[in-house]
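Peer 1: Residues are numbered in this note's numbering as their position in the first sequence, beginning at 1, plus a constant of 556.
Glycine included, every Cβ here is placed at the ideal spot set by N, Cα and C.
Owing to the predicted nature of the structure, the values given are computational and were not obtained by experimental measurement.
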Amino acid sequence: MKKEIQKLICQSIEAAKLVTPDELSDIQIEISRTKNPDYGQFSCNIALRLSKKLGLNALDLAHQITDNIKNQEGLEKVEAVPPGFINFFLSEDMKAEVVKQVLQQGAKYGSQTTQEPKNIILEFVSSNPTGPLHVGHGRQAAYGDSLAKLLRKAGHQVYTEYYVNDSGRQMNILALSVLIKILNLKGASLTLPRISYQGSYLEQIAKEIQNSTEVNIDNLLEQGGLRDSYPSCSADEEIDKLIADFQHQLGIENFDRLTDSVSSLMVTSIKKDLEQFGVVYNNWFSEREMIKKGLVQKSIQQLNDNNLTYKKGGALWLKTTNFGDDKDRVVIREDGRSTYFASDIAYHFDKRFRGFDLLLDVLGSDHHGYLARLGAGLAAMNEPQESLEISLVQFVSLFKENKKVQMSTRSGEFITLSELCEEVGKDAARFFYVSRSHDQHLDFNLDLAKSKNNENPVYYIQYAHARIHRVLEELKNNGLTFDKQSGIDNLVKLSTQHETEIITKLSDYPSVIKQSAKKKSVHSLANYLVELAQHVHSYYNAHRFIVDNLELRNARLALITATSFVINDGLSILGVSAPKKM
RNA sequence: GCGCCCGUAGCUCAAUUGGAUAGAGCAUCAGCCUUCUAAGCUGAGGGUUGGAGGUUCGAGUCCUCCCGGGCGCGCCA
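(1) Tell me the residue span of the alpha helix (DSSP H) that contains residue 740.
(2) Measuring alpha carbon to alpha carbon, tell me which of 1122, 1055, 1082, 1072 ends up nearest residue 1109.
(3) So, at 6 Å on beta carbons, what are the nonlocal neighbours of residue 663 in its own chain, with the 5 sequence-adjacent residues on each side left out?
(4) Applying the criterion that 16 or more other CB atoms from any shown protein chain within 10 Å of the CB defines a buried residue, is residue 1043 buried or exposed?
(5) Between the C-alpha atoms of residue 677 and residue 713, what's the straight-line distance to the nearest angstrom?
(6) Name, in chain order, the residues that DSSP records as bridge partners for residue 600.
(7) Give the list of continuous alpha helix (DSSP H) stretches no shorter than 4 residues that lie fully inside the region 815-862.
(8) So, helix, strand or coil for residue 913, using DSSP?
(9) Going by C-alpha to C-alpha distance, which of 859, 732, 819 sits closest to residue 800?
(10) Going by Cα to Cα distance, which pick from 745, 984, 929, 735 is closest to residue 812?
(11) May I ask which residues mark the beginning and end of the alpha helix (DSSP H) holding residue 648?
(12) Assuming residue 739 contacts residue 777 (C-beta within less than 8 Å), just tell me the rounded distance between them.
(13) Output needed for residue 666: all residues of its chain with C-beta closer than 6 Å, excluding positions within five of it in sequence on either side, in chain order.
(14) Excluding the 5 residues flanking residue 728 on each side, which residues of the same chain have their C-beta closer than 7 Å to its C-beta?
(15) Would a C-beta distance cut-off of 8 Å place residue 934 and residue 946 closer than the cut-off?
(16) Of the choices 794, 819, 973, whose alpha-carbon is the least far from that of residue 762?
(17) Consult DSSP for residue 900 and reduce its assignment to one of helix, strand or coil.
(18) At what residues does the alpha helix (DSSP H) containing residue 890 begin and finish?
(19) By alpha-carbon positions, which one of 569, 847, 844 ends up nearest to residue 579?
(20) May I have the straight-line CA-CA distance separating residue 876 from residue 929, to the nearest angstrom?
(21) Does residue 1017 pass the burial test, meaning 16 or more other C-beta atoms within 10 Å, or should it be called exposed?
(22) Quick one: residues in its chain with C-beta nearer than 7 Å to the C-beta of residue 707, no 5 flanking neighbours on either side, listed in chain order?
(23) Please classify residue 1128: does DSSP put it in a helix, a strand, or coil?
(24) Would you list the residues sitting across from residue 945 in a DSSP beta bridge?
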């Protein structure tokens, strides 16, 4: 419809000879939906935009344009109003057309076919497997998964991936923490070092691993002489010394096998939590395997070959400042180990190598410095910097009894995602997470979400869906059937204010998909669904659907059936179920 | 100090990227179940959009400066 109106305006401007054809093709004619029905359904601000350029009064200009718009099928009237808007009023049969479309297209209604479908790889959560996911990760999971679905609906190809950071010092610290717990289970009295991981999950892993035949721990106890601290060292030095001790005493291969086991148990558990949350990835990408394949080395070689590295202070630096970064970055440390950043370059280069044209990363807001750095890294690998896009998700603050809950992975004091799922349910949690703009801080009120009350908007939407299905059920119980064709044929009979509003709302769905995909703002869809549900409830209270008049009945049933399709589709993008009964 | 994000009703947040009268939910108040689910509906009150300038037909949205908050600024991950 928008396109047709655009065309009308275009033709009219041409007919009035206001501008030359060349100028006309440069002008972007924006058609927008109106908020207020007094202004019709669509409006155009072209007269306001052109008035200065043409030196004409905007309202006069608007009149000139409308004068040249002939009676057009589907339009009831076209109006020019101060200060210069042009408003379009759709005719009744045109309005009802959308209901027919929804019924015919079903789940495909609202799907976009973009002119340039992108082949996108979407990376999200990618939390280090050093502990269970907590409520902060939950937001990224909910946002990322919904974003993937939304972008697909908008016509893109989306491949989702979790980058498993299963290499490096953090994993060794985790292995050490678990090892100490295992030794505790076997009777040794060792305590966790100052900066090791904490939390009950360590004991669970310890229990699962303690009898593993792959890692022989018993002779460690027989050896004796185990120590768990270096009081005179800093906490950082201490833990590195302890890791070195145990690597020596256990044998490096044994220690690595332990790390492997711990890591894979952690990943399995994270995967399970996410599945429970309705989030399933196309792929899990292991950093360790990437390193084993030599991809990091290869990337560094490439950077060297491009003459973009230099040695300083024993380390190898990458000239990221050549590509807009604040400062150069280290890729190989003085001690010869490659940095996290080096892995990231290799990983993102690999994404390009696999053929994706847009690398979309969902990261916590504390990573905002990464765009410049990673983009520079890609550029240094001869890849376009613009192929990387980062969506930052702001923090979640958890509130319990009106007090902010402090959380820290290290101290082991956090509420996990799976605990949240158990307590408030997947649907409520997922909806709550995406109902706010991702670049806005989110206050998650646990008590509110926990208490099974009706304050959660997700119930409001689900209830609207369930009510519609209850009506259809009732129809059957009364021995009646819904005649879809008759409904479509009689859509013109839907002329109450409630019906007009709900129809208009349904017609917004495709552009909501398009816009929120473009802006990557999943919350717009969530808001839309609340508004749609609002209309359903008002309609439900104001009118009966199962009425004696057969034609009106079918028309109304057609409308609510179409509405339930859209609610169902929208909720599925958000990863929320649409129950038929509540 | 430098960089990024943000400040909207008592609280939590929207606002079709510059559009017309700034909207929802919760909370408060007043109504609505003999009829398809009251997890619902109808109505009321509640605002100098942190502040001050500027840009233009038009600003919550853009530019500058203040005030206030969050997060970054490692050979950590």
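Peer 2: Answer, in terms of the structure:
(1) In the first sequence, counting from the first residue as 1, residue 740 sits at position 184. Where residue 740 is concerned, the enclosing alpha helix (DSSP H) stretches over 725-741.
(2) Within the first sequence, residue 1109 is the residue found at index 553, counting from 1. Selected option, being the one with the closest Cα: 1055.
(3) The residue given as residue 663 occupies position 107 in the first sequence. Only residues of its own chain outside the window of five on either side were considered, and among them 1125 have a CB closer than 6 Å to the CB of residue 663, listed in chain order.
(4) Counted from its first residue, the first sequence places residue 1043 at position 487. Counting Cβ neighbours within 10 Å, residue 1043 comes out buried, since at least 16 surround it.
(5) Translated into the one-based positions of the first sequence, residue 677 becomes position 121. Translated into the one-based positions of the first sequence, residue 713 becomes position 157. Near 8 Å, if we compare the C-alpha coordinates of residue 713 and residue 677.
(6) The residue you call residue 600 lines up with position 44 of the first sequence. DSSP lists 587, 642 as partners of residue 600.
(7) DSSP runs (the alpha helix (DSSP H)) wholly in the region 815-862: 843-848, 851-861.
(8) Stepping through the first sequence from its first residue, residue 913 is reached at position 357. Looking at residue 913 - three-state DSSP - the assignment turns out to be coil, as it is neither helix nor strand.
(9) One-based indexing of the first sequence puts residue 800 at position 244. 732 is the residue among 859, 732, 819 whose C-alpha sits nearest the C-alpha of residue 800.
(10) Here the question's residue 812 lines up with position 256 in the first sequence. In terms of Cα proximity to residue 812, the closest of 745, 984, 929, 735 is 735.
(11) Position 92 of the first sequence, counted from the first residue, corresponds to residue 648. Taken as a continuous stretch (DSSP letters only), the alpha helix (DSSP H) holding residue 648 covers 648-661.
(12) For the purposes of this step, residue 739 is identified with residue 183 of the first sequence, where counting begins at 1. For the purposes of this step, residue 777 is identified with residue 221 of the first sequence, where counting begins at 1. With 8 Å as the limit, residue 739 and residue 777 qualify as a contact, their Cβ atoms being about 7 Å apart.
(13) Position 110 of the first sequence, counting from 1, holds the residue named residue 666. Contacts found: 1065, 1066, 1069.
(14) Locating residue 728 in the first sequence gives position 172, counting from the first residue. Excluding residues up to 5 positions away in sequence, 799, 815 lie with their Cβ nearer than 7 Å to the Cβ of residue 728 in the same chain.
(15) Within the first sequence, the letter at position 378 stands for residue 934. Within the first sequence, the letter at position 390 stands for residue 946. With contacts defined by Cβ atoms closer than 8 Å, residue 934 and residue 946 do not form a contacting pair.
(16) Here residue 762 refers to the residue found at position 206 when the first sequence is read from its first residue. The shortest C-alpha separation from residue 762 is found at 819.
(17) As a working note, residue 900 is residue 344 in the first sequence. In the displayed model, residue 900 falls within a helix according to three-state DSSP.
(18) Indexing the first sequence from 1 puts residue 890 at position 334. Residue 890 -> no alpha helix (DSSP H), and no H or E assigned at all.
(19) Residue 579 sits at position 23 when you count from the first residue of the first sequence. Looking at the Cα atoms, 569 is the closest of the given residues.
(20) For this step, residue 876 is matched to residue 320 along the first sequence. For this step, residue 929 is matched to residue 373 along the first sequence. Rounded to whole angstroms, residue 876 to residue 929 spans 7 Å at the Cα level.
(21) Locating residue 1017 in the first sequence gives position 461, counting from the first residue. Around the beta carbon of residue 1017, 16 or more other beta carbons sit within 10 angstroms, so the residue counts as buried.
(22) Here residue 707 is taken as the residue at index 151 of the first sequence, counted from 1. Within the same chain, Cβ atoms closer than 7 Å to the Cβ of residue 707 are found at 676, 714, 1073, the five residues on either side in sequence being excluded.
(23) Residue numbering aside, residue 1128 sits at position 572 when the first sequence is read from its first letter. The three-state reading of DSSP puts residue 1128 in helix, counting H, G and I together.
(24) Numbered from its first residue, the first sequence carries residue 945 at position 389. 916.
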